[in-house]
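Novice: Attaching a single structure in structure tokens format; questions to follow.
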């Protein structure tokens with residue numbers, strides 16, 4: 001089976017912080033979510049349209065670096081809403097990266113993904129263990 005997976009990074013958020021005019025004039029999670037939605041929509045339309053890809057596309061929602069911080073976790077849900085809307089508009093399947101990290105982050109790190117070994121220390125990128133959890137989230141949505 002051919003498969004395309006897409007996971008957007010937090011770079012769009014940093015773009016919004018440096019150039020709010022690119023994100024509807026704001027730096028809040030709703031602005032970042034809309035900015036990501038637009039970029040992801042462009043990517044997915046390119047795959048489906050000009051790219052001619054008709055197979056399955058799985059888009060992962062973003063994980064929260066710290067699940068113990070309710071405000072931060074809630075902001076990631078707002079960002080993920082943009083990801084879900086772009087995926088749905090382009091016939092992509094959504095895998096829940098947010099929930100993929102939560103149990104391990106809470107159990108092993110008190111909510112902190114770096115302490116739980118899911119993210120590199122002082123970084124936002126997933127470790128091998130974090131990557132495996134995200135891959136498992138993709139597998140879950142592809143099971144018949």
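Numbering (the numbering used here), first residue to last: 1 to 144.
Don't be surprised by glycine CBs; every beta carbon is placed ideally from N, CA and C.
These numbers were taken from a predicted model, which means no experiment stands behind them.
Can you give me the C-alpha to C-alpha distance between residue 84 and residue 110, rounded to a whole angstrom?
Specialist: Rounded to the nearest angstrom, the two C-alpha atoms are 27 Å apart.
Novice: Quick one, which of 78, 11, 129, 92 has its alpha-carbon nearest residue 30's?
Specialist: Minimum Cα distance to residue 30 is reached at 78.
Novice: With DSSP as the reference, label residue 79 as helix, strand or coil.
Specialist: Residue 79 falls in the helix class under three-state DSSP.
Novice: Report the three-state DSSP secondary structure of residue 96 (helix, strand or coil).
Specialist: Residue state, collapsed to three classes: coil.
Novice: Buried or exposed for residue 54, please, with buried defined as at least 16 other CB atoms from any protein chain shown within 10 angstroms of its CB.
Specialist: Counting Cβ neighbours within 10 Å, residue 54 comes out exposed, since fewer than 16 surround it.
Novice: Given that a residue counts as buried once 16 or more other Cβ atoms are within 10 Å of its Cβ, and exposed if not, what is residue 76?
Specialist: Counting Cβ neighbours within 10 Å, residue 76 comes out buried, since at least 16 surround it.
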